[in-house]
Structure formats: C-alpha cells, structure tokens
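Student: Sharing a structure below in structure tokens format, with a few things to ask.
Chains as they are written, first to last, in the working numbering: chain A, 1 to 250; chain S, 1 to 250; chain Y, 1 to 250; chain R, 1 to 250; chain D, 1 to 250; chain E, 1 to 250; chain B, 1 to 250; chain L, 1 to 250.
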C-alpha cells in the first residue's frame, strides 16, 4: 500500500464512503505487506539482470533442477555454484543454453547478456591450486555482465610475475585476489593499485594453514588499506561484490 | 625523476651538454626510481585529493607532528587516526585548520575539499559503544570527499529501528556496517540493500566475544552475498575502501 | 535397600526382633539406595509422560533395539535421535506404532499423547540446510506433548520473511531458533518477542564457520537478553528445554 | 501512536476536523511507527513491570545518570548493571529509592514491586569467587518480580553440599547455575532437577580456563538435557531469561 | 538428622511410641545429612594431618585471615597459596608459627609435622623463571609431611645438567616437573625414571607460548608413558597429588 | 663398550698391557654406552614384570607381529594397544597365550602374572561410549599386575549412580576417570575420594566438544585438587601411571 | 637491459643516431623486464644444480608428468614430492633414471650429481612414525648435492639413544630434527650442538596434538637459541633450507 | 670425576693399589661428569667468541648485574636482551665498555670483536613499528661478529621500496625478515633471494592479528621454500641463528 492508496482511503473516510473502523482494519496489516512489496519493487529495479543463484553444495540434483526450472521459466539468468556436470546435463533438458564451467564447478544459463560493468574486473590467483576458487569469482562476475581479466599463478614468492602485469592491474576497476597458504598476495596487489581489492582466502595448504585460517588472518591484517575480505573459498561472494562495485549507475 | 626530466637529460646528451656516462650516473638506480615515479604518477592521477594518512597508534606525538608537518607543507590533505587532542593541538601550530574529531579519535587538516563521491556512503552502527569505530569510518570517508550519512544504534535486537531507515539505506552507494558482539547487523543490512556492504567487526563485547572474534566470524559467514569484511576495529579501512568504491570516474 | 525393606526393619524393631542399634547398623549403607529410589520417585511424579530418549549416534542397531524394547515394554513413550529408517523398521516389530521422521532422523513410538504444554513452541530455521536440526527440535517438542509451529527458511538476509511471521512468533510461549553460518537469527527473533529464545547453532557453513563455531559464538554474544544457547546441532536439547519451559504446572 | 490515536485521527477526518492530507502527514512514516507501536504495545502488555535496564560497563557516570533520570521520570523500574556505588549516589539524587547491590555491582530503583513469578528461581554458585555473577542473576530476577533462592559455594568437588539442598532445588521452577573453572555444576544440577537449568560460565580460574572458555565448553557439552547456556559472566542474561520462563501467564 | 536422632526414632519404634510407617516418613530427608556425616568421618580418618588450604588469589586479606583463624583454632595445619607477606604478618598475630615462603608466595602454619611420605618427592624446574611454581609444589609437599628434593634450572637445552642428577631422580618416589616455554622437560625426565611424573606447565614464555598453552600441549602429548599433567601454573595441585601418591598406607 | 669390556681394559692396565693414558683414550666414547647399560640395568631392576608395550596405531600387522615375536621370545609380557583381532590371530601363532580384548582393542600375552599392586585401581567411565578408552586403561592396569575394579556409565547427570559406588571408590588406591563431553566426572569423583585421580578426556561428543577439547579443559580446570590429566583418549597412559602409583615397594 | 646497453643507447643519442624521444620509448618498459631478466640470471648463477621441484599433492598424474617432461628435457635435475610409485612409473618413460623413494613418497631424476655441501646434514627423527617426513628432508638434501646422515627413532623419552649419537651430531653442519607429539627433540638437540637446527613438527599424534599444533608450538617456544621451524610435515622445506645453509660458496 | 681423577684411578690400578673391579665400581657415576666436561670443551672450541647472553625480561636488575659481572670477569663478550638503560648504567660500573642499544633494548659489552661471518646478514623490517625486534636481531648478529645490513620499512604494500634494495638483498648470505600484521614479507623476500630467510613474526597489529598469530601462521605457510621461522618477537633468536649460518668454518 503506497502513499496514494493511503490518501485514497483517507479521502473515502472523509467522503463517508469508508468508516473509520473499516479504515483502521485496512491499515492493520499495512506495515509489513507494504514493506515487503516495496523492498521487492525496489530490488526489481536495482537488480535487473542479476542472475538468480543456487548454492549447489548439500542440495540433491532433483532439488537443484527443480529450482532451476522455475528460474529459467521466469526468464531470469541462472547460476548454480558448487555443482557437477551431471546436474548441468539435467538442467540442459529445460535450459538448452546451460553451460558447465568445469574449473569453477558452476553452471550458467544466461538469456540476458547486457554488459553492466563500468570497467574491468581483474581476478588474480596466487597458485594453480587456487584456480577453482578464482574461476568461481570470474564466472560469477562474467555472468553478472562484467568484462573479466584473469591473471593466474602470480604468487608473491615470484613477485616479478605479478609486476609484469602491473599495467593491466592498475587499469582494473576492482581486483579480486585469490590465495591460499600465507594469503599475502592481496597486500602486494593492494599496494600496486588504487582500486578496491577483494581478498579470497582459500583452504589450499597443509599443516599450519589450518584449512585456510592462515590465509584468512593474513588478509584481514593486510597492511594495504584497500583490501576487504570474504569467507574462505568464497569465490562466488567475491565475484558478486566485485560486480556490485563495478556496476554502472542506473 | 619523471618522464620530462629523463627527456631533458637525453636532450642534454644530444646537445652535448651532458656526457653519456654522466647521464648514466644520473640514471643510476633509475629502474626503481622510475618505477616509483611511475607508480606515484599513476597514483597521483587516480588518487588526486586523497589525504595522506598517519596511523597514530604506537607513534610518539613528536613523530606524528614531524610527519604531519611535511604533509601539510606539501599541500596535501592530512588525516591522523587513533590519536589524541593533545597531538591535534601540536599540529595546529603548523596547520591552523586542523580539526580534532573526538569520538573518532582522529585529526583532519583539509585544504582540498572537492566532492569526489558519486553517491552517499551510509555508516551504520549496531550499538552506542561501536560509535568510535563508526566515526573513524565516517570521518575518513568524509575527509576523502564523500557525503556520509550516519545511522547509529540500530542493532538487530531492535530491528524496527533499522527498518525505519530502510529508504535511506537503499539509496546509499556503499554501506559501512559497524558491529560488535555477535556481528549480525551486516547480514540484515546486506539483505535490505543492493549496494556493497563493508562489515567492520568491533572488539565491543565480553566473555565469548573474544576481543571481536565472534563478530568477525559472524560477518565472514554472512548469508548475504554482498558483504565483505575488514579487520576488527578497522573503521579507517572501511571508510577508505568505501571511498574507493564510491569514487567518481576520472 | 528399598522402601519395603526399610519398613520391614522398622516392623522388626517394633516387634522386638531387631534392636534399635542393630537396625542403625543395617541402615549404614542406606543413604544412597534410598536416595536413588527417592529421586526416581520424585522424578516419576514430575516427569510423567516424558518419553524415554535414546541417543542413537554411535550405537549399533541391535543395541538401540534392545533398549527400545525394554522402554516400550514398560509402557513409556519412546524417542530415538540420530538414527535411520532401518533401525525404525527393526523397532516396528516390537512397537508397531513406531514412526520414522525422515528429516529429523528420529523415531518416535508414543502411547501417551496427552497435551502437556501451556502454549505453542515456535521452531524457526534460518536456511533450508538447517531444517534437519530444526526438525529434531520440533519432533522432540511434539513427542513431549506440545503444539509446535514451524517457520523455516527465514534467515536474516531476507528479514521481511521473518517479519511476515511476527504475530505468530509473538504468540509463542517459547521460540527455538536454528541457524548456521553467522548464527544471527536468534538475536533478531529475540528482539521481536518477549518469550525465551533458545538458540541452536548448526554446523552448516564452510570456511570460517569452523564447524558451527561462528554460529555458536554469534548466539552466545547475542545483544538480545532473552537468548540462551545449546550445543552445535543439538536440536534435541533445544526441543527438550522448550518443553520444560512450556510445561503446565502440576 | 496507538490504535486509539489512529482511530481518533480517522474520526476527525470523518468529522471534517482533519483534512486527509493533514492526516496523511501525521501518518508519515506510519508503517514503522506503527510497527514500533505495535511492538511496543504488544510488549507493554507482556512486559508490564519489567525494569528498564542500563548496561553500565563502558558508559560514563553522566551518561548513565542521564538515561536513568528519563527512566525514573517515566515511572518505570530501573536497573543498572556493571556499575559502581558512586553512580548509585548520583542516581539517588533523582531517585531516592535507588539501592546499590555491592556484590552484584548493580543499582535498582523499583516503584512497582508486583510479584510476577509462578515459582521460585534458584540461583546456585560453585565457588565463592562466582558470587558476583550469581548475585547479578539474583538481583535481576528479584527486580523482575521473582522469589529468588540463593545457594552458594556448592561446587562439584564437594557434592554433598549440593545434595543437601536437593529438595529446595527440586522445588524451583528454574535454576540458574553459575560456575567457573571446569563449569561442571550445571550438569550435576541438571541431573537432579526437572526444571530448566541456565548455565552461566564465569571467567573465574587461571591457566587453561582461558578466561572462562573451559567453563563455557563444559556447559555447552553438558550430558544433562535440560541445560542451556549464556555468555561468560552474563549473570544478567541468566536472571532475565529465568524471569521470562517463570513469568505468570497474563 | 544425625546418628543419635536416628537411634532415638528407632528406640521410639521399639517402645511403640512411633509406628514403623511414621518412622519411615521421618526418614525421608535422611540420606543427605547422613551422607555428609559419613563422608566427613571417612575423610577425617584418611586425611589426618593434611593441612587445610586457602587459595589466596582473589580473596581480601581480611577474608583470608578470617578463615585462617578458624583453621588454626581447630588445631589443623594451615596453608595459604598465592598470597603476600602482608597477609602472613596479619596471620602471625593469631598464629605466631606462621612462615612466609617468598618464592612460593605461600604461608604455612604447621603444628603437626609428622612425616607421612614413603619416599622422596623430587621437584624439578626447567628455568629459573619457573621456580615460583616449583616452590609452590615443593612447599605444598613439604607441608604435607614429605621429604622434598629440589633440582632447579635443568632445562632440556642443557641436558647434561639434568643427567648429572640422574641418580637422585631415579631414587625419587614421585617427580614433579615444572616447565614453561616448550614444556619438554617432563618427557625427558619421564624417560629417565620409573616413578610417576607430574608435569606442571607454566605461563613462562612469550609470543607463541600463548600463556602456557604450548607447554601444556607439550606435556599432554608426552611420548613418555608415565607423565600426567595439571593446569598451567598449578604448582599446588602437583605438590598435593605427589603427596597423595607418596603417602604411607594407614 | 659394556661392563665386561671396561673390566677387560682395567685388567690390562693392571697387567701392564695397557698404559693408563691409553686406557683413558679408549674411555673417550665411554660415557654414553656406559650410560645406556647403566640405565637399562637400573630399569631392569625397577621395571621387573612390566609388559613391553607396542602402540599399534599406524603400524602394519607385519611390523607389529615382528616386534611382538622378539618380545615374546625374550620372555617378557606383551601388550599391544589400538590394534585388531586380526593382528591377535597372527600373534597367536608365536604366542598361543595371546588374548584379544575387544572393547579395549588390545592384545595381551602374559607369562608373568605376579600381583604387583598394593591396592585396587578403580576405573570409572561417564558414558557407555567412553567404555573402549576405560577398557584400555583397565586392561593395561590388569596386565601390569593390578586388581582392577570397573564402574561404568556413572556420568554426572545421574549422580546417584556414582554415589551408590562411594564405598568402593573410597577404598581404591588410585582412581582412573574416563569421560567425554563436558569431562566433569573427575571433579566429582575427586571430591569423594582421597586417592589420586587420573582424568582421561575422551573424544566422545559432538559440536563444541571439539574432539575432546572441552573434556580436556574441564579436567585441567578441575576444582578438586587430587586430579591430574592425560591426553585425550589416552586410556593406556592412565592405566600405566595408575599402575606405577599402586606399585608395591621393592 | 643492462648497464652497457643503457650506455650504448646514450652514446647513440650523443652521436645523433638515436633521438631522445626514441631513447625514452626504449626505456619505457625497462624497469620490469630488466628486473625479471636480472633476477633470472642472478638465480641461474646462484642456483646452478638445484633440482626443479614439483609439489605433487593435489596434482593429477598427467599434470605432474607433463611438467616433469619439460624439466627433464631442459637437462635439469627433477624432484617430485608427495607423490606415488605410479607417477614414477609414468615419468620413467621419459626419464629412465627416475627413482622412487618409497618412505619419502618422492621421485628424483638426477643428471647432475655434483657435491655442493660443505659438511654433513644430519636428519633426526623422534619416532618411527616421523620417518616419512624425515625421509622427505633427507632425500631433498641428498638430491641437492649434500651428504646426509640419518639418525632415526631417538625421541626424548629415551635420551640415551640420542646421546649415543652425540659426536656425529656435533660434527654436522646443519641438523634437521623431525618430531611429532610434544615436539621436544629440537630443543634437546639444540642444546647438544652449535650448528643451526631446523625443526619440522609432524602431524603424528592424537588427541591434544591437534594435527601437529602441539609439536609446532613446542618447537617455536624452544629454549635452545639455535632452532628455527618450518610448517607441519614440511620435510621438503627443511631439507631445502638445510641445503642452502650447507652450500659451498661460489 | 674429571679426566685427572680418572687417570689417577687408572694409575692406581697399574700400581696395584686399586683392583680392576674396585675401579669399575668407582666409575659408576663417571659418565655424566665426564660428559659435562667433554661437552663444555667441545663447545668452547666451537663457540669461541660467542657472547654470553642474558635474557633480561623477568629478571631483577640485581640479578642481571650479578650474572653480568661474572661473565665480564671471565673475559667473555656479554649481551643482555629485553632490558633497560638503567640496567646498563649499573653494568657500566663493572664493565665500562658496556653500550646500551635503545631501540633493541639490549646491552652489549664486547672485548673480542673478531669478524666471524663469511658474508653479510641482511635484517629487513616491514614497518617502523617492527624496528625494535629487527634491531634485536641486528645487534645480536653484530655482537656475534657479523657485518649487518639494515633495510627497514619495506613492507609488501609498497613493494617498490623492497625491490629498490634487490641487489643488496641478493648479495646477503642470510636474510632476517621481521614483520607483524599479515607477515607476508618473508615470502616476497624469499622469492627474491637464494639465501636462507629467517622470518620473525612480531606482535605488531591489532584485532585479528591476535598478538602475532596471524604473522606467525603467514610465515609458516610461506610459499617460498627458503623460509624458516622463529617465535613471535624473537629477534634475538633470528640474529643468533643467522650468525650460526654465516659463521666461517674453523
């Protein structure tokens, strides 16, 4: 119920068409329905073109396909993370345009491919083992309408490999940096660029990496001021936020 | 040594004013000075108007004032974090326009007040005890040329206070959310807005808050996809990244 | 030594068969057996209608069935947690009224279905992955004679879904809130209701959720004063305590 | 704005006293104020007689006194936790009936002393060093209109002291158990009573108590099913929830 | 109800004054008082000569002196741990035989000095900084009637110092080993002797010693099978258990 | 160089075959071989009758059988922990008297069955799931020549079961207490007996038991002074130390 | 681009062969290419004879063989860690001189076997279970051209075994010490030798060893000043650094 | 028993004064005294010129001065770590050549200034706050007879500052890298040099640096193979090991 509708009710009260108590009753459920619909509307406007995302881990293929079917039917872009080629094959039956991204372990089924980003999103990985998470970020950002520039295997112990990409990095609008072990790469990249850097710690490592804790703490304590951090192995989240940052105004 | 200076040397060599070996000596170490100047230049362009920042914690007043003096002399904007009014008084002698921000425990001395942000940066705090960190973020963002909208004391246990600000939040270009204890507020805000949300866990709490660890873990595990996180009590970092995100293209 | 035996000694004293001091000597070991029977009696009175519970995890099917058989034979209600349909099939042979609750991974075999609760127990889950633990709480509370109202998938990142259930929540006598990841839901619910809220952190999540630690810490640090917490994934415990709180006076 | 006030406005609109647009202006922001009033109303009914609580830790005396003054003026009961006698002396000027509870480090200023509990709340402490936290729980519960029964210094290493109080414990409607070090007492008490037990770990201990972590983990892993837990040293929270559980229906 | 009261009831039963069932009813509360007296008696016999111990940390001088006075009056040996010379001076007024042990930070006031140990208790410390805790163990064992042999500053990085004491160690009936930092000494000692070894980790160290955690974990993981461990800095506990182990049969 | 060789050198010196300084030179490497033989000798005397122990976990059956064969051949008692019935079958070929202890997952092959203990070792377990570790302690103590009294399933949440065994416990010379979850049992037992108590935390539990950490911390922080602790699940170590404590003097 | 090349350009500028702006252009990319090639060159010189190393864990056999093939083709020595005999068989097809080291789980294929060490590298292990990690260190050091002396199964609980090797240890130029459980061995060895000691904690242990954390903390807190530490189970790293320390000057 | 005493016994055997078996008996206690003198001798040879070191933290000035006096009297070089200028003033009375190193918080009093290193030891710090720990390493290495090259404030977020020192770093024989916060610097340096790198994590940082834990984990997980690590803030240990590595052969 919006302002105009409230005014209408009030005018009806004035006009004697509606009794005060009847009006009161109509206002009863107002706050929340109003809130909800407002929020949805607002979001519809802002979020136009965002894919609907299914977090695949821990869901049965049937469950995923069921949700996917509804999304595809609604005409939205679809994205499934942490899933398998088998699930993609099932989805292909309802969405022939579905694609499986092997390294990212993701499915995308895109109908709207409008470019929505202002600049390039760079996705950097420290080691080759970090690539699956980096790809999760890259595929996400790409499916959300961004140009993505991948720079993989440029860990800090061979700093010249990173420096060789300096110019490209400095041209990016956002940089996603994916690293396991000591998680030092975001700090170094953060010092090279002026753009926001999103650090993604990975669970790559052994022993005192404690499942990614070392990398996570490393990134949180970064001495570069332009670094923020997402959860361990959360490539999707990094790609998602990078897309929000890079998004053209509307 | 910048490009023009290098060209000048080369022209002098051509003109016979400077001998090749003399030029070589002047280039000694060039690659890195060059690197530096490149980086600086690049940064100068991008970073125009950024204040120079001094992290005050653990530095003596003399040390801070010394650095501050040089920055002010260079004509740059100045920002000192985690400091005291006493330090501000000392700085005022060389920079009469220095201001002390009591709650943020910061000093700013701004000469360039150009507006550089595309939209508004909302800074939200969960409890009143979180305000100093929220102010650190707000003052930082403001000094970096952004319009800042403060919404304090809207913790999740009184969700209606937050919802009452829904419209303002949805209009913001970036939202900084500062919370201690369980650190739940970024998740709730993340669900209400489409903008990037930067969570700042604070060390406010006791017992099992473990100095902010509970809030930090809460934010890292946020079920809202648009949340990234900075270190515990790092209001400055959040304000800084928010400014980068909000920055107008140049 | 049970009540009858004590009475027998006393009668012998009366009859002059046993001397007082001799009786005293025979009472030497009395206290504890007596304690036991007293305690049991006391509990019998208070606990009437409580199901006997078997924690199935780590027990062999034979072991579970053996205990179950004795409970059923005694006429008590039976409840088995963390078990499988196979075990239920075995139990059905001695207790044809046994039911398997798939999502809760529980078996109930109830003969006494007296309603024992004063009001409704609401069981809320943040995500769909938290449902098995929520069901464990719900089935427990239900088997203990309570009306249970389930509200699932109302996580904090979509706060309107929760607000839409506000009235139901505010009518509940106790609220069990089940959440993994950042564990923020109990705080939000705690702020909406005046009833006691029991938070159940789940091990749902990845990376820095550290097997439910993040959710656990989040709930322990709740800024809502009406929240208490049980162990990670302990849906049974939450349902059990909720039943005690809701129990009619006797 | 409550229901009656809304109706009044509507009647005035009907009567032509108030124009629709004027009414609309008065409803500006209605949804949330409405939400608030709904919540408040609802709460007013449920919460009648609850003291307003100020968490004193980290607040200046002036700040506390300021809030206290407003609460006292509104006629509500007042409770301040983690505070000092000095603050109490200041509050006494505006609230002569303010009392300082030394061991609990709390202030209460009660005008409404209606009894609101159905039964007795037992507050038990393991050691003498745990008494301040136990008192925080006891004073809270007492100020909220409950009969409180204190049983202190009955730690598990001298189990007979606890057993000697068995009858009293079994008669209680809720039991708050406060313990540091190994935090074992709630398990033992939980086995003796049928009522809900709220465990409060304290930071009492040294070495591997890790500031109360040992006691906290001990209580969370309790083998007694009727135990829930609050944050380390959160005596107030335990007393508060115990009061909610014990509250008479209305 | 004590023994005499029980006898009285029984005599009344015999005399026909009390009916058996009436007597039975009066025995309802019996168990615990009886338990208490039984336990105390039993302990009196076993514990003869044990000093009564006051844990001084966190208690006011007045409190300590008050308890001490009662103990001394009862003729028992007295021991106060974690206390100061000032407290000793106060206690001296009621117990002129009180002695302050500076390094152990303990007071003893012994009237009964019977030797109660079968053999010698060796107390070993790794570094000089561990001596206060070692002395706590040594003074405790000594006050409990044992011969104590101190071997200090024989850390594992100078293994020859320890080996030089091999014979004495092998002759001891129990060995208490006090060590901070890596806590390796109990393992080495455990390999040299056949007696039980009690490891006491200390909080001595810095950085990754994490307040004694490193030493504690080191001792718990000892590859020597004859090592058990007490809490960090718990010299008293080690001296106490060592005394129990060494105690002559009675 | 063994004793005989040293004697030979000395005899050669006496006989004038070897000069003193030449002998001195040959003794250069002496200390350690000498140490070894001394130590072994010393141990042989003290350790008479101790079984040789093989820690089976992580060793191949062949490896275990190989070591076992040598031990059996030497006439010593044999004990294998953390092993399987299959390994026992293999060992039976060389040691027909080998026995497999199913719950303890141990093998014993004893030829010397001399009783070596002064009193009884009580082995207590909190829950039925703790029995394997309790049995490891019991079988170890038994194989080392002790009378062992088992008391299982007497957890603190049903304190009467434990109290019913009070007399037996108080008669024991050492008490081994095995408990998972909150690990509270050693504290309660410690308060009931005067003997040394060895706590064995187990990894039984879930959620915040963190693999036995909760139980471990609980036992280390025990408020009973007679409790020492071994590693999580280290039943063998507890049985071993209990045997050393209980050992008759020689 | 080196100094001479820069001088050449300058001379060409002087000679009018090259225009200043043309020279400037040629200097454009200078810093990084120069850096990179310098680094490589520099490394080539210093690193001569180092094997190229493939970390096998988490790589497919095909991936490993592919990289191996290129290395072998280049004539370099090859080393693969954390791999299997199956991979070795595949590599043998392109490198018939490939050897599989079973305990170390490594492959080496060496063509250059120049001795590059100044002295001996001692590799010591505490227990037999630590041998795989010790072998990883030993095979690495050996493949890098060092004499390696292995001393296994000399844990601190049998200190005489270690002391018997004292002379050999004191003659070593570097000592690698591999130990799990309490990780005490590096401290003891550190006290016996003057050489640098590299501690390698292993994940061997159970319970409170927490996957090697106990050993790691033990080594970091070593009271011997000559100990440094590598990651848990990082035998390769220890062997690598030991080789660098032992390397002959060039 | 020293060498002369052993020779005396042997001479008595030769002279027939002592029988071989009698001599054998007197050698019983021999090994360890002998060991000690052997070890000391051996060390004297190897360690010539090493300063004797006093760890000042936790020692009284009197204690330190007492030990220092003996060391100086023996003609050895003296080094005191973690101490104050006041202590230095006291030491100056007995050792007028004592120097106080303010930033390192160390005292040195050197008489032997022989150069003992083969090459240069580089000491690098990430931030200015890390300098005290870096100085501790540098002063230690210098006092042990090494050329030390300091490179401070070259943290990874400004990588060009580090690269500018590339040549110097590559010329060093050992590199000590001191860093707090994310502790990333050793990895970057490790990739630039072929020498062994010793990482020193510092406790500099706040929030999730957890007192240096983040830096420590970062260094342990370094992706550069030439990095080993010492305890948090252990500059002395790093300087000491660097000196051992750099030591000329003798």
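Note that the Cβ used here is the ideal one computed from N, Cα and C, for glycine as well.
Under the three-state reduction of DSSP, which class applies to residue 249/L: helix, strand or coil?
Tutor: The residue labelled residue 249/L in the question sits at position 249 within the eighth chain. Residue 249/L falls in the coil class under three-state DSSP.
Student: Rounded to whole angstroms, what's the CA-CA distance from residue 154/A to residue 161/A? Just pull it up for me.
Tutor: Here residue 154/A refers to the residue found at position 154 of the first chain. Here residue 161/A refers to the residue found at position 161 of the first chain. If you take the alpha carbons of residue 154/A and residue 161/A, they lie about 5 Å apart.
Student: Beta-carbon within less than 6 Å of residue 205/B's beta-carbon, same chain only, minus the 5 sequence neighbours each way: which residues are those?
Tutor: Indexing the seventh chain from 1 puts residue 205/B at position 205. Around residue 205/B: 180, 181.
Student: Does DSSP put residue 324/D in a helix, a strand or coil?
Tutor: Not covered by the structure: residue 324/D. The range shown for chain D is 1 to 250.
Student: Verify the CB distance criterion: does residue 234/D have a CB-CB separation below 9 Å to chain R?
Tutor: Here residue 234/D refers to the residue found at position 234 of the fifth chain. It does; some Cβ of chain R falls within 9 Å.
Student: Along the segment 200 to 212 of chain B, what residues have a CB closer than 7 Å to any CB found in chain E?
Tutor: 206, 207, 208
Student: Report the three-state DSSP secondary structure of residue 251/D (helix, strand or coil).
Tutor: Limits of chain D in this structure are 1 at one end and 250 at the other, which puts residue 251/D out of reach.
Student: Can you tell which of 108/A, 104/A, 74/A, 75/A has its C-alpha closest to the C-alpha of residue 90/A?
Tutor: By 1-based counting over the first chain, the position of residue 90/A is 90. Out of 108/A, 104/A, 74/A, 75/A, the CA that lies nearest to the CA of residue 90/A is found in 108/A.
Student: Quick one: give me the first and last residue of the beta strand (DSSP E) that residue 119/D is part of.
Tutor: The sequence position of residue 119/D within the fifth chain is 119, counting from 1. Run containing residue 119/D: none; DSSP gives neither H nor E here.
Student: Assess, as a yes-or-no matter, whether the segment 169 to 188 of chain B is touched by the segment 211 to 228 of chain B under the definition of 3 or more beta carbon pairs within less than 8 Å.
Tutor: yes
Student: What does residue 240/B pair with, by DSSP beta-bridge criteria?
Tutor: Counting from one through the seventh chain, the residue named residue 240/B turns up at place 240. None; residue 240/B has no bridge partner.
Student: Determine whether the beta carbon atoms of residue 121/Y and residue 173/Y lie at a separation below 9 Å.
Tutor: For the purposes of this step, residue 121/Y is taken as the residue at position 121 of the third chain. For the purposes of this step, residue 173/Y is taken as the residue at position 173 of the third chain. Result yes, Cβ atoms of residue 121/Y and residue 173/Y sit closer than 9 Å.
Student: Could you list which residues in chain A have their beta carbon closer than 7 Å to that of residue 129/Y, in chain order?
Tutor: Counting from one through the third chain, the residue named residue 129/Y turns up at place 129. Result: 58.
Student: With DSSP as the reference, label residue 86/D as helix, strand or coil.
Tutor: Within the fifth chain, residue 86/D is the residue found at index 86, counting from 1. The answer is helix: DSSP assigns residue 86/D an H, G or I state.
Student: Can you determine whether any heavy atom of the ligand FMN sits closer than 8 Å to the C-beta of residue 224/D, and answer yes or no?
Tutor: Ligands are entirely absent from the displayed structure, and the ligand FMN is therefore not among its contents.
Student: Quick check: what's the CA-CA separation for residue 116/B versus residue 194/L?
Tutor: Stepping through the seventh chain from its first residue, residue 116/B is reached at position 116. Stepping through the eighth chain from its first residue, residue 194/L is reached at position 194. So the alpha carbons of these two residues sit roughly 14 Å apart.
Student: Under 8 Å, with one C-beta from each stretch per pair, do the segment 195 to 202 of chain R and the segment 210 to 218 of chain E reach the 3-pair mark?
Tutor: With the cut-off at 8 Å, the segment 195 to 202 of chain R and the segment 210 to 218 of chain E do not touch.
Student: Identify which residue in 99/D, 113/D, 20/D has its Cα closest to the Cα of residue 86/D.
Tutor: To locate residue 86/D, count along the fifth chain from 1; it is residue 86. Nearest of 99/D, 113/D, 20/D to residue 86/D, Cα basis: 99/D.
Student: Hey, out of 70/B, 12/B, 19/B, whose CA is closest to residue 20/S's CA?
Tutor: By one-based count along the second chain, residue 20/S stands at place 20. Here the closest residue by C-alpha is 12/B.
Student: Excluding the five sequence neighbours on either side, which residues of its own chain have a C-beta within less than 6 Å of the C-beta of residue 134/B, listed in chain order?
Tutor: The residue given as residue 134/B occupies position 134 in the seventh chain. Same-chain partners within the cutoff: 123, 125, 178.
Student: Quick check: the Cα distance between residue 67/E and residue 118/E, rounded to an integer number of angstroms?
Tutor: Against the sixth chain, residue 67/E aligns to sequence position 67. Against the sixth chain, residue 118/E aligns to sequence position 118. Taking the straight line from one Cα to the other gives about 31 Å.
Student: Using a threshold of 9 Å, state whether the C-beta atoms of residue 176/B and residue 137/B are closer than that.
Tutor: As a working note, residue 176/B is residue 176 in the seventh chain. As a working note, residue 137/B is residue 137 in the seventh chain. For residue 176/B and residue 137/B, yes; Cβs fall inside 9 Å.
Student: Considering only DSSP beta bridges, list what residue 259/E is partnered with.
Tutor: The requested residue 259/E does not occur in the structure, where chain E is confined to residues 1 to 250.
Student: Give me the Cα-Cα distance between residue 56/D and residue 203/B, rounded to the nearest whole angstrom.
Tutor: The residue labelled residue 56/D in the question sits at position 56 within the fifth chain. The residue labelled residue 203/B in the question sits at position 203 within the seventh chain. C-alpha separation (whole angstroms): 40 Å.
Student: Within the 9 Å Cβ cut-off, does residue 109/D reach chain B?
Tutor: The sequence position of residue 109/D within the fifth chain is 109, counting from 1. Residue 109/D does not count as touching chain B.
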